[in-house]
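If you read the sequence shown in the working numbering, its first letter stands for residue 74, the second for the next number, and so on. Where is the CB? At the ideal position from N, CA and C, for every residue including glycine. Step one of this worksheet: look at the structure below.
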Amino acid sequence: MKRVAAADLGIDAAQAQRMILLPDIDWVEIPGGDFIYQEGERRSLPTFYMARYPVTNVQYRTFIDAGGYRDERWWRDLVRPEPEESRWPQANRPRTNVDWYEAVAFSRWLSAQLGYEVRLPTEEEWERAARGSDGREYPWGADYQTGYANTDEKGDKAGDWSLEQTIAVGVYPRGESEEGVFDLSGNVWDWCLNKYDRPEQIEADTSGDWRVLRGGSWLNPPSYARGSQRFTFAPSDRYSDYGFRLVSSVLVA
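As structure tokens, then:
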């Protein structure tokens, strides 16, 4: 796993001390190379690192408590709303009721605190992590397995279980990906950087063009939780099944 010493990035001792109080992100290496994208297209990505879990309520709270909604630096080319409470605010549940703009602002703030860039994943990165190196349909394999993800299994008649709410991250260990990322299927949708109709565009703007969500949620049937399934909503929309996770191109020791 590639790591860079904090000193090499100009992070002093005081900054390193402050990092102790920041969200503790558990990073998973996603090896670079070729992978299968969508309907069999071969693409290639360099190695990157994905958060093992979606951002949780307690992690997002650090951004709010640090004045993140008041600091103009994090909201450049973004629409800034007032914060909305997560429907299920338990500390280790995924942070919901956040829009695309808020997810980007959080990642900018955390990047500044850590001294290296963290961000939302691109669609390609998300799909590579979810489908592995072999293009599987779900993180664990080719077919949906009941009890492997927090989805509305009754919706596709895939099973008899529907929790009808989020659950703490990492509760479904059998649903982990090839590299060990959790909750890529179900629990909450993950915001991605890309615009839905123009996926080559990942930059922030206030156009209102709809952005991509991936992974399905507690509210959706298993077919929505497939690794190749694309979904979209307006970047200003906030719902109790929308969340996000982070990626980085480099790790700092």
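- Message: On the DSSP letters alone, give me the boundaries of the beta strand (DSSP E) that Ile137 sits inside.
- Response: First-last for Ile137: Asn130 to Asp138, but that is the alpha helix (DSSP H), not the beta strand (DSSP E).
- Task: Quick one: residues in its chain with C-beta nearer than 7 Å to the C-beta of Ala178, no 5 flanking neighbours on either side, listed in chain order?
- Result: Gly141, Trp147, Trp148 and Leu151
- Message: Using 8 Å as the threshold, is the C-beta distance between Ala202 and Met123 below it?
- Response: yes
- With DSSP as the reference, label Tyr110 as helix, strand or coil. strand
- Query: Quick one: is Ala164 buried, meaning 16 or more other Cβ sit within 10 Å of its Cβ, or exposed?
  - Reply: exposed
- Query: By how many angstroms is the C-alpha of Arg318 removed from the C-alpha of Asp81?
  - Reply: Caution applies to Asp81, whose pLDDT of 44 falls short of 50 and renders its modelled position unreliable; the value that the coordinates give is listed next. Looking at the two C-alpha atoms, the distance is approximately 26 Å.
- Message: My assumption, with CB atoms under 8 Å, is that Tyr315 sits in contact with Thr169. Please give the rounded CB distance.
- Response: 6 Å
- Query: Taking C-beta to C-beta, are Arg284 and Pro308 nearer than 8 Å?
  - Reply: yes
- Item | Gly205 versus Val191 - alpha carbon distance | 21 Å
- Whole angstroms is fine: what's the gap from Thr279's alpha carbon to Trp173's? 11 Å
- In three-state terms, what does DSSP make of Arg201? helix
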